[in-house]
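> One point on numbering: in the numbering used here, the residue at position 306 of the sequence shown is 606, and numbering is uninterrupted.
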Amino acid sequence: MAVGSIRVNRDFIAEPHAIYERLRAAGPVTHAQFSGGLEGWLVTRYADARALLTDPRLSKDRATALTMFPPGTENSYASPLTAHMLNTDPPVHTRLRKLVNKAFTARTVARLRPRIEKITDELLDDMSGVVDVMDALAFPLPIIVICELLGVPAADRTEFRGWAHRLFGDATPEQIAVASEAASAYVTSLIEDKRTNPGEDMVSDLIRVSDDGDRLSGTELRNMAFLLLAAGFETTANLVGNSVLALVRHPDQQAVLRADPTLLPNAVEEFLRFECPVHIATVRFTTEPVWVDGVQIPANSFVMISLLSANRDHDRFDDPYRLDVTRPLSPNLAFGYGIHHCLGAPLARLEGEIALGRLLARTTALTLDGDPETLRWQRSVLVHGLYRLPVRLT
Numbered sequence: 301m302a303v304g305s306i307r308v309n310r311d312f313i314a315e316p317h318a319i320y321e322r323l324r325a326a327g328p329v330t331h332a333q334f335s336g337g338l339e340g341w342l343v344t345r346y347a348d349a350r351a352l353l354t355d356p357r358l359s360k361d362r363a364t365a366l367t368m369f370p371p372g373t374e375n376s377y378a379s380p381l382t383a384h385m386l387n388t389d390p391p392v393h394t395r396l397r398k399l400v401n402k403a404f405t406a407r408t409v410a411r412l413r414p415r416i417e418k419i420t421d422e423l424l425d426d427m428s429g430v431v432d433v434m435d436a437l438a439f440p441l442p443i444i445v446i447c448e449l450l451g452v453p454a455a456d457r458t459e460f461r462g463w464a465h466r467l468f469g470d471a472t473p474e475q476i477a478v479a480s481e482a483a484s485a486y487v488t489s490l491i492e493d494k495r496t497n498p499g500e501d502m503v504s505d506l507i508r509v510s511d512d513g514d515r516l517s518g519t520e521l522r523n524m525a526f527l528l529l530a531a532g533f534e535t536t537a538n539l540v541g542n543s544v545l546a547l548v549r550h551p552d553q554q555a556v557l558r559a560d561p562t563l564l565p566n567a568v569e570e571f572l573r574f575e576c577p578v579h580i581a582t583v584r585f586t587t588e589p590v591w592v593d594g595v596q597i598p599a600n601s602f603v604m605i606s607l608l609s610a611n612r613d614h615d616r617f618d619d620p621y622r623l624d625v626t627r628p629l630s631p632n633l634a635f636g637y638g639i640h641h642c643l644g645a646p647l648a649r650l651e652g653e654i655a656l657g658r659l660l661a662r663t664t665a666l667t668l669d670g671d672p673e674t675l676r677w678q679r680s681v682l683v684h685g686l687y688r689l690p691v692r693l694t
């Protein structure tokens, strides 16, 4: 089967859905060139994406992956902070995930509902007229929640959004290096403070955590804390922002949800599917040749799995380009699949449900303020979210 090729550039990131529709129709995989010259194989169909997310022939081992990047294309992946659970294979991944899994079970997260509701209400108290939803609600809510969980003092929280944008978004190697060094220094100092003054927070728990005598090393502890901080708000912020965008673009669905708030959990799943907060799953590479629906991906090749594309696949979802908050539940891939399924998915879903429910309850209408053409998506192949979202609250 002939395989097409594509450049994943800023134009692609700005308008990906139409491009992905063509790619899914053309074949199971596409040879892709990313900014800086990095090349890989882009997977766009739901069935292929789900299968490859659990395929043991695809590795996430960071040390090996670093040797495969062409010089100058590693970007944030070269940061020492990326030597965390997300970039490991079993048995290392199994061990690390087991040490933190209890903190993010659905039952544990459910106990956070009253606090998340209070934080949301306090943020909404300061919102009226025209607001940037990203600045006023989407980012502050998950930042406050994860920082409280990890025991980060309120005065120290202002830098996290900037660090995440540089490490996960579009930044120069110099900006990435500065952000990496600053984030590493902060997390290291936070851990040292918690060693001396432990509290009832997750960083203190990570220091104390033990499973049959197994503990996190100093480096593992630093990188785990950073992963929980960064991953703990970026995806949720884009879930909230993308959901509000969907509601202002589809007032009929906004009306349906206002008329029946019990649809909120279902609606959150539809928002996750319709405008996935993660664009392409984190780096994987083949350890041997892998066939995908008649196309062979050679060994030692990067594989980029588009969750954004998979969630709009006609072969999986009926009328996938239509937003329908009453759509019967069908598993989407917004949080990945398999052993690397997002640990914080229950928390993200709860925050999204509360934020949207409270926002709708306090307003009679949400409308976009200004020209839709001025909206800009983050220049990132990892996260999928807006820089700004000006909305008029009525």
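Just so you know, even glycine gets a beta-carbon here, dropped at the ideal spot from N, CA and C.
Source: prediction; values computed, not measured.
Checking the sheet assignment: what are the DSSP bridge partners for methionine 604?
Note: methionine 604 sits in a beta bridge opposite Leu342.
> What are the complete beta strand (DSSP E) segments, minimum 3 residues, inside the region 322 to 372?
Segments of the beta strand (DSSP E) lying fully in the region 322 to 372: 329 to 334 and 339 to 343.
> Decide if the region 550 to 566 is in contact with the region 611 to 630; the criterion is three or more beta carbon pairs, one per stretch, under 8 Å apart.
Yes, since at least three Cβ pairs between the region 550 to 566 and the region 611 to 630 fall closer than 8 Å, the two stretches touch.
> Hey, out of Ala363, Val409 and Ile306, whose CA is closest to valine 392's CA?
Among Ala363, Val409 and Ile306, the Cα nearest to that of valine 392 belongs to Ala363.
> Quick one: using the 10 Å Cβ neighbour count with 16 as the cut-off for buried, is glutamate 315 buried or exposed?
Exposed, because fewer than 16 other Cβ atoms sit within 10 Å of the Cβ of glutamate 315.
> Serine 489 by DSSP, collapsed to three states: which one?
The answer is helix: DSSP assigns serine 489 an H, G or I state.
> Considering just the uninterrupted stretch of the beta strand (DSSP E) at valine 681, what are its terminal residues?
Taken as a continuous stretch (DSSP letters only), valine 681 belongs to no beta strand (DSSP E), as it is neither H nor E.
> Which stretch, first to last residue, makes up the alpha helix (DSSP H) that contains leucine 539?
Element bounds for leucine 539: 518 to 549.
> Could you spell out where the alpha helix (DSSP H) holding valine 568 opens and where it closes?
Taken as a continuous stretch (DSSP letters only), the alpha helix (DSSP H) holding valine 568 covers 564 to 574.
> Once DSSP output is grouped into helix, strand and coil, what is the label at aspartate 432?
Residue state, collapsed to three classes: strand.
> Phenylalanine 404: which of Asp505, Phe369 and Val487 sits nearest, CA to CA?
Nearest option by C-alpha distance: Asp505.
> May I ask you to report which of helix, strand or coil DSSP gives leucine 689?
Here leucine 689 sits in coil by DSSP.
> I need the straight-line Cα distance from threonine 626 to histidine 614, nearest angstrom please.
Cα to Cα, the separation comes out at about 18 Å.
> Our contact map puts histidine 684 next to asparagine 538 with C-beta atoms below 8 Å; I'd like the distance itself, whole angstroms only.
Contact holds; Cβ gap of about 6 Å.
> Going by the DSSP bridge assignment, what does threonine 667 pair with across the sheet?
For threonine 667, which the question treats as bridged, DSSP gives the partners Arg692.
> Helix, strand or coil: how does DSSP classify serine 379 here?
If DSSP states are grouped into helix, strand and coil, serine 379 belongs with coil.
> Short of 7 Å in beta carbon distance, which residues of its chain neighbour valine 431, apart from the five on each side in sequence? Order them along the chain.
Only Val691 and Leu693 meet the Cβ criterion.
> With a CB to CB cut of under 6 Å and the five nearest residues on each side skipped, what residues in its chain are close to proline 380?
Closer than 6 Å at Cβ, skipping near neighbours: no residue.
> By Cβ distance, which residues of its chain are closer than 8 Å to phenylalanine 312, with the 5 residues on each side in sequence left out?
Cβ neighbours of phenylalanine 312 beyond the five flanking positions: Ile306 and Ile319.
> Just list the residues that DSSP pairs glutamine 596 with in beta bridges.
Paired residues: Trp591.
> Identify whether threonine 405 lies in helix, strand or coil by the three-state DSSP scheme.
The answer is coil: DSSP assigns threonine 405 none of H, G, I, E or B.
> Hey, quick one: how far does the beta strand (DSSP E) through isoleucine 306 stretch, first residue to last?
Its beta strand (DSSP E) spans residues 305 to 308.
> For the candidate residues Pro565, Leu423, Phe571 and Ala383, whose alpha-carbon lies nearest to that of serine 484?
Nearest option by C-alpha distance: Ala383.
> I want to check one thing, is the minimum distance from the CB of arginine 357 to the heavy atoms of the ligand GTP below 7 Å?
What this structure holds is no ligand at all, so the ligand GTP is not there to describe.
> Rounded to whole angstroms, what's the CA-CA distance from glycine 304 to leucine 689? Just pull it up for me.
Each residue's Cα considered, the two are about 35 Å apart.
> Output the distance between the C-alpha atoms of threonine 674 and valine 433, rounded to the nearest integer angstrom.
Threonine 674 and valine 433: Cα-Cα distance of roughly 15 Å.
> Does the Cβ of serine 609 have 16 or more other Cβ atoms within 10 Å, making it buried, or fewer, making it exposed?
Result: buried.
> Look up phenylalanine 617 in the DSSP assignment and give the residues it is bridged to.
DSSP lists no partner for phenylalanine 617.
> Just to confirm the assignment, what range does the alpha helix (DSSP H) spanning threonine 586 have?
Premise fails: threonine 586 lies in the beta strand (DSSP E), 584 to 586, not in any alpha helix (DSSP H).
> Straight-line CA distance for glutamate 321 to asparagine 611?
C-alpha separation (whole angstroms): 11 Å.
> Just curious, the alpha helix (DSSP H) that aspartate 560 is in, first and last residue?
Segment: none, aspartate 560 is in no alpha helix (DSSP H) and carries neither H nor E.
> Using 8 Å for Cβ pairs, my map puts lysine 494 next to valine 503. What's the rounded Cβ distance?
About 5 Å; that satisfies the 8 Å criterion.
> Would you identify the three-state DSSP class for valine 578, choosing helix, strand or coil?
Note: valine 578 maps to strand in three-state DSSP.
> Take glycine 372 as the anchor and find which of Arg457, Phe439, Leu338 and Ala455 has the nearest alpha-carbon.
The residue with the shortest Cα to Cα distance from glycine 372 is Leu338.
> Could you check whether the region 562 to 570 touches the region 586 to 599, counting it as contact only if at least three pairs of C-beta atoms, one from each stretch, sit closer than 8 Å?
These segments do not touch.
> With burial defined as no fewer than 16 other Cβ atoms inside 10 Å of the residue's Cβ, what is the status of aspartate 348: buried or exposed?
Buried, because 16 or more other Cβ atoms sit within 10 Å of the Cβ of aspartate 348.
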